[in-house]
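Numbering (the UniProt record's numbering) for the sequence shown: 1 to 350.
Presented below is the structure to which this report refers.
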Amino acid sequence: MQMTVKGLAFCHKNWVLHKDLNPNNLLIGPNGQLKIADFGLARVFGSPDCGFTHQTLELANNFITGEINEFLDALSGCSNSSLEALDLSMNKLNGRLPDAFGPLTNLETLSLGYNSFSGPFPIFSGPIPLNISQEMPFISFLDLSRNYLNGSIPTSIRRMKNLRTLDLSHNNLTGNIPGQWSGLQLLWLLDLSNNNLSGSIPNSMCSQLPLLRWLRLSSNNFSGELNPSLKNCPRLITLDLGQNRFSGTIPEWIGENLTSMSYLILGANMFTGNLPEQLCQLAELQVLDLANNNLSGPVPKCVGNLEAMKSAGSMSRYISLDQDLPDNQHLDLNVKGAEYEYGTLFWMWM
(Lines of atoms letter the chains of each structure in order from A and count residues from 1; the text may use other names and numbers.)
(Lines give C-alpha, C1' and ligand atoms only; values in the text may rest on other atoms or scores of the structure.)
Protein backbone atom coordinates (compact mmCIF):
# COMPACT_ATOMS: atom_id res chain seq x y z
CA MET A 1 0.00 0.00 0.00
CA GLN A 2 2.80 2.41 0.87
CA MET A 3 4.51 1.81 -2.47
CA THR A 4 1.20 2.37 -4.30
CA VAL A 5 0.65 5.70 -2.55
CA LYS A 6 4.23 6.78 -3.24
CA GLY A 7 3.86 5.84 -6.88
CA LEU A 8 0.67 7.85 -7.19
CA ALA A 9 2.28 10.78 -5.41
CA PHE A 10 5.10 10.69 -7.96
CA CYS A 11 2.59 10.67 -10.84
CA HIS A 12 0.65 13.57 -9.40
CA LYS A 13 3.85 15.48 -8.68
CA ASN A 14 4.59 15.21 -12.38
CA TRP A 15 1.06 16.29 -13.34
CA VAL A 16 -0.13 12.86 -14.50
CA LEU A 17 -3.47 11.20 -13.62
CA HIS A 18 -3.50 7.41 -14.09
CA LYS A 19 -7.35 7.05 -14.25
CA ASP A 20 -7.32 3.24 -14.32
CA LEU A 21 -5.80 2.07 -11.05
CA ASN A 22 -6.77 -1.55 -10.30
CA PRO A 23 -5.00 -4.76 -9.18
CA ASN A 24 -4.24 -5.78 -12.78
CA ASN A 25 -2.17 -2.62 -13.22
CA LEU A 26 -0.09 -3.08 -10.05
CA LEU A 27 2.92 -5.25 -10.91
CA ILE A 28 5.33 -6.67 -8.32
CA GLY A 29 8.83 -7.59 -9.45
CA PRO A 30 11.01 -10.43 -8.12
CA ASN A 31 12.65 -8.03 -5.69
CA GLY A 32 9.26 -7.07 -4.22
CA GLN A 33 9.20 -3.64 -5.85
CA LEU A 34 5.78 -2.46 -7.03
CA LYS A 35 5.34 -0.80 -10.41
CA ILE A 36 2.25 1.00 -11.66
CA ALA A 37 1.51 -0.09 -15.24
CA ASP A 38 -0.89 0.62 -18.13
CA PHE A 39 -1.10 4.37 -18.56
CA GLY A 40 -3.42 4.03 -21.55
CA LEU A 41 -6.13 6.14 -19.92
CA ALA A 42 -3.74 8.52 -18.18
CA ARG A 43 -3.76 12.21 -18.97
CA VAL A 44 -1.81 15.30 -18.04
CA PHE A 45 -3.51 17.95 -15.94
CA GLY A 46 -2.47 21.59 -15.67
CA SER A 47 -0.76 21.99 -12.30
CA PRO A 48 -0.98 20.34 -8.88
CA ASP A 49 -1.47 23.80 -7.43
CA CYS A 50 -4.58 24.52 -9.50
CA GLY A 51 -8.12 23.22 -9.39
CA PHE A 52 -8.82 20.24 -11.64
CA THR A 53 -11.48 20.28 -14.33
CA HIS A 54 -13.58 17.41 -15.76
CA GLN A 55 -12.08 14.95 -13.27
CA THR A 56 -12.79 11.29 -12.75
CA LEU A 57 -11.45 9.44 -9.74
CA GLU A 58 -12.19 5.69 -9.78
CA LEU A 59 -10.72 3.30 -7.21
CA ALA A 60 -13.57 0.79 -7.09
CA ASN A 61 -13.36 -2.95 -6.46
CA ASN A 62 -9.98 -3.09 -4.75
CA PHE A 63 -8.86 -4.00 -1.25
CA ILE A 64 -8.11 -0.49 -0.03
CA THR A 65 -8.53 -0.32 3.73
CA GLY A 66 -8.23 2.13 6.60
CA GLU A 67 -9.00 5.83 6.86
CA ILE A 68 -9.53 7.33 3.44
CA ASN A 69 -7.48 10.37 4.43
CA GLU A 70 -4.34 8.26 4.37
CA PHE A 71 -4.90 7.19 0.79
CA LEU A 72 -5.72 10.63 -0.58
CA ASP A 73 -2.94 12.67 0.96
CA ALA A 74 -1.41 13.04 -2.49
CA LEU A 75 -4.43 15.10 -3.55
CA SER A 76 -4.55 17.29 -0.46
CA GLY A 77 -2.84 20.26 -2.10
CA CYS A 78 -5.48 20.66 -4.81
CA SER A 79 -9.06 21.85 -4.97
CA ASN A 80 -11.44 19.21 -6.31
CA SER A 81 -14.58 21.28 -6.58
CA SER A 82 -14.69 20.36 -10.28
CA LEU A 83 -14.62 16.61 -9.65
CA GLU A 84 -17.39 15.09 -11.79
CA ALA A 85 -17.13 11.35 -11.07
CA LEU A 86 -16.01 9.67 -7.85
CA ASP A 87 -16.15 5.89 -7.40
CA LEU A 88 -14.71 4.39 -4.21
CA SER A 89 -17.15 1.49 -3.98
CA MET A 90 -16.35 -2.10 -2.99
CA ASN A 91 -13.40 -1.36 -0.75
CA LYS A 92 -12.97 -1.41 3.02
CA LEU A 93 -12.67 2.31 3.63
CA ASN A 94 -14.01 3.99 6.74
CA GLY A 95 -14.14 7.33 8.49
CA ARG A 96 -14.89 10.73 7.01
CA LEU A 97 -13.97 11.93 3.55
CA PRO A 98 -11.23 14.58 3.88
CA ASP A 99 -11.63 18.26 3.15
CA ALA A 100 -9.24 17.72 0.23
CA PHE A 101 -12.22 16.66 -1.86
CA GLY A 102 -13.68 20.15 -1.71
CA PRO A 103 -17.41 20.89 -1.89
CA LEU A 104 -18.10 18.34 -4.70
CA THR A 105 -20.76 20.63 -6.15
CA ASN A 106 -20.05 19.49 -9.73
CA LEU A 107 -20.36 15.76 -9.07
CA GLU A 108 -22.44 13.83 -11.58
CA THR A 109 -21.57 10.34 -10.30
CA LEU A 110 -20.87 9.37 -6.68
CA SER A 111 -20.44 5.75 -5.64
CA LEU A 112 -19.36 4.99 -2.07
CA GLY A 113 -21.17 1.67 -1.70
CA TYR A 114 -19.78 -1.45 -0.01
CA ASN A 115 -17.57 0.39 2.48
CA SER A 116 -17.84 1.25 6.17
CA PHE A 117 -18.45 4.98 6.12
CA SER A 118 -20.44 6.00 9.16
CA GLY A 119 -22.74 8.83 10.25
CA PRO A 120 -22.40 11.70 10.38
CA PHE A 121 -22.47 11.37 6.61
CA PRO A 122 -18.80 11.39 5.53
CA ILE A 123 -19.03 14.40 3.24
CA PHE A 124 -21.55 16.54 5.12
CA SER A 125 -22.31 17.52 8.70
CA GLY A 126 -25.42 15.36 9.19
CA PRO A 127 -26.51 11.76 8.47
CA ILE A 128 -27.90 12.79 5.07
CA PRO A 129 -28.11 16.57 4.92
CA LEU A 130 -31.34 18.42 4.39
CA ASN A 131 -29.68 20.50 1.66
CA ILE A 132 -28.19 17.60 -0.28
CA SER A 133 -29.73 18.93 -3.51
CA GLN A 134 -27.70 22.13 -3.07
CA GLU A 135 -24.51 20.28 -2.20
CA MET A 136 -24.78 18.07 -5.32
CA PRO A 137 -26.99 19.87 -7.83
CA PHE A 138 -25.77 17.94 -10.89
CA ILE A 139 -25.63 14.41 -9.48
CA SER A 140 -27.18 11.71 -11.68
CA PHE A 141 -25.84 8.53 -10.02
CA LEU A 142 -25.79 8.37 -6.21
CA ASP A 143 -24.77 5.11 -4.53
CA LEU A 144 -24.30 5.22 -0.75
CA SER A 145 -25.24 1.60 -0.14
CA ARG A 146 -23.73 -0.77 2.44
CA ASN A 147 -22.41 1.78 4.87
CA TYR A 148 -23.60 2.82 8.34
CA LEU A 149 -25.67 5.87 7.47
CA ASN A 150 -28.54 6.76 9.78
CA GLY A 151 -31.34 9.26 10.09
CA SER A 152 -34.18 9.83 7.62
CA ILE A 153 -34.32 10.40 3.87
CA PRO A 154 -34.36 14.17 3.30
CA THR A 155 -37.21 15.57 1.23
CA SER A 156 -34.78 17.80 -0.67
CA ILE A 157 -33.73 14.75 -2.72
CA ARG A 158 -36.71 15.51 -4.96
CA ARG A 159 -34.90 18.65 -6.14
CA MET A 160 -32.02 16.63 -7.63
CA LYS A 161 -33.51 16.90 -11.10
CA ASN A 162 -30.67 15.05 -12.87
CA LEU A 163 -30.84 12.01 -10.60
CA ARG A 164 -31.29 8.71 -12.46
CA THR A 165 -30.07 6.18 -9.90
CA LEU A 166 -30.49 6.40 -6.11
CA ASP A 167 -29.16 3.52 -3.99
CA LEU A 168 -29.36 3.96 -0.20
CA SER A 169 -29.70 0.26 0.56
CA HIS A 170 -28.05 -1.63 3.44
CA ASN A 171 -27.81 1.26 5.88
CA ASN A 172 -29.60 2.19 9.12
CA LEU A 173 -32.05 4.73 7.73
CA THR A 174 -35.30 5.21 9.66
CA GLY A 175 -38.63 6.99 9.26
CA ASN A 176 -41.01 7.02 6.31
CA ILE A 177 -40.43 7.30 2.59
CA PRO A 178 -40.80 10.99 1.65
CA GLY A 179 -44.24 11.76 0.28
CA GLN A 180 -43.06 14.01 -2.55
CA TRP A 181 -40.85 12.86 -5.44
CA SER A 182 -41.79 15.53 -7.98
CA GLY A 183 -38.75 16.84 -9.80
CA LEU A 184 -37.15 13.41 -10.25
CA GLN A 185 -38.50 12.95 -13.74
CA LEU A 186 -35.41 10.99 -14.84
CA LEU A 187 -35.18 8.55 -11.90
CA TRP A 188 -35.38 4.95 -13.06
CA LEU A 189 -33.76 3.05 -10.15
CA LEU A 190 -34.67 3.48 -6.48
CA ASP A 191 -33.19 1.07 -3.93
CA LEU A 192 -34.06 1.63 -0.27
CA SER A 193 -33.81 -2.02 0.77
CA ASN A 194 -32.24 -3.32 3.98
CA ASN A 195 -32.89 -0.34 6.21
CA ASN A 196 -35.27 0.32 9.12
CA LEU A 197 -37.83 2.32 7.16
CA SER A 198 -41.49 2.01 8.09
CA GLY A 199 -44.97 3.20 7.17
CA SER A 200 -46.46 2.68 3.73
CA ILE A 201 -45.63 3.43 0.10
CA PRO A 202 -46.56 7.06 -0.67
CA ASN A 203 -49.61 7.60 -2.87
CA SER A 204 -47.81 9.96 -5.22
CA MET A 205 -44.58 8.01 -5.75
CA CYS A 206 -45.40 6.36 -9.09
CA SER A 207 -47.27 9.31 -10.57
CA GLN A 208 -44.23 11.52 -9.87
CA LEU A 209 -41.63 9.02 -11.13
CA PRO A 210 -42.72 8.34 -14.72
CA LEU A 211 -39.53 6.47 -15.74
CA LEU A 212 -39.20 4.23 -12.66
CA ARG A 213 -38.22 0.69 -13.68
CA TRP A 214 -36.46 -0.73 -10.63
CA LEU A 215 -38.00 -0.40 -7.13
CA ARG A 216 -36.49 -2.25 -4.16
CA LEU A 217 -38.01 -1.74 -0.70
CA SER A 218 -37.26 -5.18 0.75
CA SER A 219 -36.03 -5.89 4.28
CA ASN A 220 -37.64 -2.92 6.01
CA ASN A 221 -40.66 -2.53 8.30
CA PHE A 222 -43.29 -1.41 5.78
CA SER A 223 -46.82 -2.59 6.57
CA GLY A 224 -50.41 -2.50 5.41
CA GLU A 225 -51.98 -3.45 2.10
CA LEU A 226 -50.18 -2.72 -1.15
CA ASN A 227 -50.92 0.82 -2.23
CA PRO A 228 -52.92 0.73 -5.48
CA SER A 229 -50.97 3.78 -6.63
CA LEU A 230 -48.23 1.32 -7.66
CA LYS A 231 -50.37 0.56 -10.71
CA ASN A 232 -49.20 3.98 -11.96
CA CYS A 233 -45.69 2.57 -12.47
CA PRO A 234 -46.29 0.78 -15.79
CA ARG A 235 -42.59 0.73 -16.70
CA LEU A 236 -41.56 -1.33 -13.66
CA ILE A 237 -39.51 -4.41 -14.50
CA THR A 238 -38.51 -5.10 -10.88
CA LEU A 239 -40.70 -4.77 -7.79
CA ASP A 240 -39.00 -6.12 -4.67
CA LEU A 241 -41.08 -5.77 -1.50
CA GLY A 242 -39.90 -8.93 0.25
CA GLN A 243 -39.27 -9.25 3.99
CA ASN A 244 -41.64 -6.56 5.23
CA ARG A 245 -45.06 -6.73 6.91
CA PHE A 246 -47.33 -6.11 3.97
CA SER A 247 -50.70 -7.78 4.39
CA GLY A 248 -54.01 -8.35 2.65
CA THR A 249 -54.45 -10.17 -0.64
CA ILE A 250 -52.14 -9.97 -3.63
CA PRO A 251 -53.95 -7.44 -5.81
CA GLU A 252 -55.22 -8.24 -9.28
CA TRP A 253 -53.93 -4.94 -10.66
CA ILE A 254 -50.33 -6.23 -10.53
CA GLY A 255 -51.06 -8.48 -13.49
CA GLU A 256 -53.39 -6.03 -15.18
CA ASN A 257 -51.25 -2.88 -15.01
CA LEU A 258 -47.61 -3.86 -14.49
CA THR A 259 -47.26 -5.83 -17.69
CA SER A 260 -43.52 -5.13 -18.11
CA MET A 261 -42.71 -6.89 -14.83
CA SER A 262 -39.85 -9.39 -14.96
CA TYR A 263 -38.97 -9.77 -11.27
CA LEU A 264 -41.73 -9.77 -8.65
CA ILE A 265 -40.53 -10.37 -5.08
CA LEU A 266 -43.28 -10.45 -2.42
CA GLY A 267 -41.87 -13.19 -0.19
CA ALA A 268 -41.66 -13.08 3.63
CA ASN A 269 -44.66 -10.84 4.20
CA MET A 270 -48.17 -11.45 5.61
CA PHE A 271 -50.21 -11.84 2.43
CA THR A 272 -53.30 -14.04 2.58
CA GLY A 273 -55.87 -15.46 0.18
CA ASN A 274 -55.54 -17.00 -3.27
CA LEU A 275 -53.13 -16.19 -6.05
CA PRO A 276 -54.94 -14.00 -8.61
CA GLU A 277 -55.08 -15.44 -12.12
CA GLN A 278 -54.21 -11.98 -13.42
CA LEU A 279 -50.56 -12.73 -12.58
CA CYS A 280 -50.60 -14.91 -15.68
CA GLN A 281 -50.81 -11.73 -17.76
CA LEU A 282 -47.19 -10.95 -16.84
CA ALA A 283 -45.70 -12.40 -20.01
CA GLU A 284 -42.20 -11.08 -19.19
CA LEU A 285 -42.13 -12.53 -15.66
CA GLN A 286 -38.93 -14.48 -14.93
CA VAL A 287 -38.78 -14.47 -11.14
CA LEU A 288 -41.83 -14.84 -8.88
CA ASP A 289 -41.14 -15.09 -5.13
CA LEU A 290 -44.19 -15.53 -2.89
CA ALA A 291 -42.54 -17.73 -0.25
CA ASN A 292 -43.18 -17.38 3.48
CA ASN A 293 -46.64 -15.80 3.38
CA ASN A 294 -50.07 -17.09 4.43
CA LEU A 295 -51.41 -17.80 0.95
CA SER A 296 -53.99 -20.54 0.40
CA GLY A 297 -55.96 -22.22 -2.36
CA PRO A 298 -54.72 -23.64 -5.66
CA VAL A 299 -52.00 -22.20 -7.87
CA PRO A 300 -53.61 -21.02 -11.13
CA LYS A 301 -52.82 -23.48 -13.91
CA CYS A 302 -51.99 -20.62 -16.24
CA VAL A 303 -48.83 -19.89 -14.22
CA GLY A 304 -47.24 -22.81 -16.05
CA ASN A 305 -47.84 -21.01 -19.34
CA LEU A 306 -45.79 -17.93 -18.54
CA GLU A 307 -43.56 -17.69 -21.61
CA ALA A 308 -40.50 -16.23 -19.88
CA MET A 309 -40.48 -19.08 -17.36
CA LYS A 310 -40.84 -21.93 -19.83
CA SER A 311 -37.94 -24.31 -20.24
CA ALA A 312 -38.25 -26.87 -23.00
CA GLY A 313 -36.89 -30.30 -22.19
CA SER A 314 -35.24 -29.40 -18.89
CA MET A 315 -36.15 -29.03 -15.22
CA SER A 316 -33.98 -25.95 -14.89
CA ARG A 317 -32.88 -22.95 -16.85
CA TYR A 318 -30.56 -19.98 -16.72
CA ILE A 319 -32.03 -16.52 -16.58
CA SER A 320 -29.67 -13.82 -17.82
CA LEU A 321 -30.08 -10.38 -16.26
CA ASP A 322 -27.25 -8.71 -18.14
CA GLN A 323 -29.62 -6.34 -19.94
CA ASP A 324 -31.78 -5.33 -16.99
CA LEU A 325 -29.69 -5.57 -13.83
CA PRO A 326 -27.76 -2.33 -13.21
CA ASP A 327 -24.12 -2.33 -12.15
CA ASN A 328 -23.57 -3.37 -8.52
CA GLN A 329 -27.26 -4.29 -8.14
CA HIS A 330 -28.65 -7.58 -6.94
CA LEU A 331 -31.80 -9.46 -6.03
CA ASP A 332 -32.54 -11.33 -2.82
CA LEU A 333 -34.57 -14.50 -3.33
CA ASN A 334 -36.08 -16.76 -0.66
CA VAL A 335 -36.00 -20.49 -1.43
CA LYS A 336 -37.43 -22.82 1.22
CA GLY A 337 -36.70 -20.36 4.00
CA ALA A 338 -33.14 -19.57 2.90
CA GLU A 339 -32.24 -16.24 1.37
CA TYR A 340 -29.94 -16.06 -1.63
CA GLU A 341 -28.46 -12.96 -3.21
CA TYR A 342 -28.11 -12.95 -6.98
CA GLY A 343 -26.21 -10.67 -9.31
CA THR A 344 -26.24 -10.98 -13.09
CA LEU A 345 -27.09 -14.67 -13.42
CA PHE A 346 -29.82 -16.82 -11.84
CA TRP A 347 -30.01 -20.59 -11.56
CA MET A 348 -33.67 -21.40 -11.24
CA TRP A 349 -35.38 -24.72 -10.50
CA MET A 350 -38.76 -24.76 -12.18
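By construction, the Cβ of each residue, glycine as well, lies at the ideal position given by its N, Cα and C atoms.
For residue i, count neighbouring C-beta atoms within 10 Å of its own C-beta (all shown protein chains included) and say buried if the count is 16 or more, exposed if not.
i	result
residue 302	exposed
residue 2	exposed
residue 54	Reliability fails at residue 54, whose pLDDT of 48 lies under 50, so the model's placement of it is uncertain and no value is given.
residue 9	exposed
residue 245	exposed
residue 84	buried
residue 248	exposed
residue 254	buried
residue 196	exposed
residue 267	buried
residue 242	buried
residue 194	buried
residue 207	exposed
residue 287	buried
residue 27	exposed
residue 147	buried
residue 24	exposed
residue 165	buried
residue 291	buried
residue 293	buried
residue 171	buried
Check residue i in the structure and name its three-state DSSP category.
i	result
residue 7	helix
residue 159	helix
residue 149	coil
List the whole-angstrom C-beta distance separating residue i from residue j, where the pair is believed to meet the contact cut-off of C-beta under 8 Å.
i	j	result
residue 204	residue 181	7 Å
residue 163	residue 187	6 Å
residue 89	residue 109	Not confirmed; about 11 Å, so no contact.
residue 296	residue 274	7 Å
residue 198	residue 220	7 Å
residue 233	residue 258	7 Å
residue 239	residue 215	6 Å
residue 212	residue 236	6 Å
residue 308	residue 285	6 Å
Measuring from the CB of residue i, is there a heavy atom of the ligand NAD at a distance below 7 Å?
i	result
residue 220	With respect to the ligand NAD, the structure offers nothing, as it holds no ligand at all.
Threshold first: 3 residues or longer. Then list the beta strand (DSSP E) segments lying entirely within the stretch 232–320, N to C. Listed in chain order, the complete beta strand (DSSP E) runs (minimum 3 residues) inside the stretch 232–320 are 238–240, 245–249, 263–265, 270–273, 287–289, 316–320.
Curious, which full-length beta strand (DSSP E) runs of at least 3 residues does the stretch 155–231 contain? 165–167, 172–175, 189–191, 196–199, 214–216, 221–224
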